[in-house]
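Numbering (this note's numbering), first residue to last: 71 to 777. Notes to accompany the following structure.
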């Protein structure tokens with residue numbers, strides 16, 4: 071209830087008379103308000119205790135997710151162990167340390183287990199960051215809501231900014247970040263599994279005994295993760311409550327033990343139960359693993375300028391509180407939208423990790439590449455293009471198995487196995503790719519709702535601000551530095567290849583575009599050996615430095631070409647005879663250009679042709695500025711005289727007429743605008759970075775046309 075001295079002082083301020091001179095009705099109002107407020111404070115303190123329990127209900131859901139991903143990892147590792155042991159036994163050996171075959175296969179098995187534990191660790195991190203972030207947000211909002219009913223609300227909802235929450239989660243309060251502790255545990259688990267499997271080989275254990283070893287190790291790791299989850303939940307809850315108390319001006323806290331301080335509570339926590347502390351001087355929580363204690367705010371029961379006080383006519387009743395809640399609701403919603411966008415971003419990152427992991431661990435030898443099935447090596451990214459021809463390949467391999475023996479039989483059996491794996495993993499890759507694409511779209515929508523500005527490399531703002539040089543001299547000032555850095559690190563044969571391309575690109579680009587020896591002999595894309603005109607190795611050498619050359623800004627480039635280049639890119643015919651109206655159907659469409667694309671770095675440069683392409687290359691595009699080392703600017707790498715070489719630093723004395731920028735082969739281009747004037751077609755197009763670069767035959771080993 072209200073303290074008499076305090077009330078006398080407040081009443082004297084308002085009326086100029088002491089409490090004793092108030093009327094009976096005024097005293098009754100003061101008494102009822104005091105009782106109401108004491109009850110309200112008690113209710114809010116109970117609500118804080120309930121909030122603490124709610125945090126651990128949320129943590130229990132985290133544990134269920136952790137149990138699920140550990141179970142999956144357990145199954146995957148056991149499957150790999152069982153498969154490896156079966157292969158050893160099928161070869162006529164035993165799972166024994168004395169068997170060289172078993173020892174060899176065990177090394178591969180250990181690598182597979184390490185990869186599975188890495189995958190487990192990534193998923194575990196995601197569960198922790200998402201779950202703990204949700205707990206922080208929920209606990210902060212709950213505390214603000216409860217405290218707002220007893221005191222002035224002045225919470226800083228910017229605390230719910232994702233970056234700030236992440237900073238709270240990553241704080242090494244116990245000497246190490248929780249993420250580090252989890253990764254250390256995965257390293258320990260990996261080491262224990264390797265030791266256990268080695269011991270199983272020494273002892274000649276069976277699959278059930280090996281399974282028991284693996285289960286014990288993984289279950290221990292899961293228990294450790296669950297313990298970290300409970301401990302971190304308490305820390306995050308404490309941080310969320312403390313941030314709310316700081317914002318709301320709470321100055322005093324009361325320590326409350328879990329379970330009310332009964333026999334289940336540790337002696338240290340029980341000794342402090344119901345003690346009061348000045349905020350900032352209290353022992354931090356958690357005090358030990360699995361700690362569930364909490365601080366409740368000690369709120370004064372005195373009148374304040376925002377309290378119920380019928381004597382002044384300033385009543386903070388339900389109506390005014392609801393109005394406040396309404397006003398704050400927009401801030402809360404905004405915070406929730408930001409959180410939803412961040413959660414969706416984490417979903418995208420998880421899906422992208424799973425996709426990359428699938429791509430990396432597939433392949434004939436688990437290196438991401440399938441060899442021997444087709445003329446060129448393929449990866450899962452080729453699945454969509456290849457799936458239509460899988461059955462024909464399978465029929466061919468199965469027919470070979472019926473007519474071959476010995477090494478030839480083993481060869482085709484291996485190829486058939488690789489083909490089956492390619493199809494199985496390819497289907498999974500296609501589904502996962504679609505999932506990533508859908509999640510990215512959902513992320514974009516979530517970010518829009520939250521008002522998050524997303525830097526779109528293909529926005530009109532970016533295109534309008536991109537470099538569009540008027541002269542080679544202007545371009546050279548900006549572009550030369552990156553080129554020099556790449557050039558100084560390039561090997562001699564790489565430099566020669568790039569220079570030789572500038573002297574004459576035909577022998578490079580004809581085989582890349584499927585032309586055999588002449589622009590009039592089109593055999594088909596990827597059907598001609600890169601070595602057909604003797605430039606195969608140069609193509610491969612030139613590809614490497616271009617991969618290392620990119621700019622941190624956007625730029626427009628210009629290129630003239632023939633209609634057939636656009637027809638090849640789009641997979642169409644009769645492009646040049648179409649009207650401007652007919653050409654509009656290709657806006658938004660795109661395709662790959664498998665050759666190196668020579669462009670001009672300034673307006674009016676970039677070669678001639680009946681099609682003029684304005685190419686927007688966003689930052690990160692793989693391309694190399696060729697003017698400093700170009701044949702047409704005076705460089706000569708056909709001689710051993712270094713005075714004819716460019717050292718990567720020397721400034722240009724004069725400029726050639728080509729002003730060339732070479733875009734990496736196999737880039738994907740999307741058309742954004744088409745206009746036609748007389749016999750010339752003008753096209754705006756953009757390099758689509760997330761489509762990557764198709765650098766086929768980069769490894770050589772091609773047995774097709776011209777090999």
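Glycine residues also receive a C-beta, built at the ideal position from the N, C-alpha and C atoms.
Tell me residue i's beta-bridge partners as DSSP assigns them.
i, result
"residue 733", "667, 693"
"residue 346", "324"
"residue 626", "686"
"residue 672", "539"
"residue 740", "660, 756"
"residue 367", "323"
"residue 745", "752"
"residue 448", "440"
"residue 585", "592"
"residue 553", "Residue 553 is not bridged to any residue."
"residue 309", "Paired residue(s): none; residue 309 is not in a bridge."
"residue 214", "BP columns for residue 214 are empty, so no partner."
"residue 681", "631, 751"
Helix, strand or coil for residue i? Go by DSSP, reduced to three states.
i, result
"residue 758", "coil"
"residue 388", "With a pLDDT of only 38 at residue 388, under the threshold of 50, the placement of this residue in the model should not be trusted, and no figure is reported."
"residue 593", "coil"
"residue 763", "strand"
"residue 375", "Bear in mind that a pLDDT of 38 at residue 375, under 50, signals an unreliable position, so the number given afterwards is only what the model happens to contain. The answer is coil: DSSP assigns residue 375 none of H, G, I, E or B."
"residue 361", "coil"
"residue 524", "coil"
"residue 339", "helix"
"residue 395", "Any answer about residue 395 is weak, because its pLDDT of 48 lies below 50 and its placement is not dependable; what the coordinates show is given next. Looking at residue 395 - three-state DSSP - the assignment turns out to be helix."
What is the rounded straight-line gap between the Cα of residue i and the Cα of residue j?
i, j, result
"residue 547", "residue 661", "32 Å"
"residue 326", "residue 415", "37 Å"
"residue 288", "residue 310", "32 Å"
"residue 526", "residue 508", "17 Å"
"residue 629", "residue 513", "36 Å"
"residue 438", "residue 706", "39 Å"
"residue 714", "residue 696", "15 Å"
"residue 760", "residue 215", "44 Å"
"residue 583", "residue 643", "16 Å"
"residue 682", "residue 423", "40 Å"
"residue 130", "residue 124", "10 Å"
"residue 446", "residue 689", "30 Å"
"residue 427", "residue 450", "11 Å"
"residue 436", "residue 268", "23 Å"
"residue 342", "residue 365", "11 Å"
"residue 240", "residue 187", "22 Å"
"residue 573", "residue 701", "5 Å"
"residue 306", "residue 236", "11 Å"
"residue 677", "residue 740", "21 Å"
"residue 595", "residue 664", "8 Å"
"residue 122", "residue 204", "14 Å"
"residue 351", "residue 411", "36 Å"
"residue 90", "residue 368", "29 Å"
"residue 443", "residue 766", "15 Å"
"residue 257", "residue 425", "23 Å"
"residue 667", "residue 613", "12 Å"
"residue 603", "residue 650", "38 Å"
"residue 149", "residue 179", "11 Å"
Our contact map puts residue i next to residue j with C-beta atoms below 8 Å; I'd like the distance itself, whole angstroms only.
i, j, result
"residue 296", "residue 133", "5 Å"
"residue 742", "residue 731", "At roughly 19 Å, the Cβ-Cβ gap does not stay under 8 Å, so residue 742 and residue 731 are not in contact."
"residue 292", "residue 140", "4 Å"
"residue 524", "residue 530", "That belief does not hold up - the Cβ atoms of residue 524 and residue 530 are roughly 14 Å apart, past 8 Å."
"residue 679", "residue 632", "5 Å"
"residue 616", "residue 693", "7 Å"
"residue 208", "residue 282", "In fact, because the Cβ distance is near 40 Å, the residues do not count as touching under 8 Å."
"residue 626", "residue 763", "So it is not a contact: roughly 20 Å between Cβ atoms."
"residue 542", "residue 710", "The pair is not a contact, with the Cβ atoms about 29 Å apart (cut-off 8 Å)."
Does any CB atom of chain C fall closer than 8 Å to the CB of residue i?
i, result
"residue 292", "Absent from the structure: chain C. Only one protein chain is present."
Return yes when the C-beta of residue i is under 7 Å from any heavy atom of the ligand SAM, and no when it is not.
i, result
"residue 545", "Among the components modelled here there is no ligand, and therefore nothing to report on the ligand SAM."
>> As an exercise, report each continuous alpha helix (DSSP H) stretch of at least 4 residues that is fully enclosed by the region 441-509, in chain order.
In response: 453-456, 460-473
> In the region 259-310, which residue ranges form an unbroken beta strand (DSSP E) of at least 3 residues, counting only runs that do not cross its ends?
Replying inline: none
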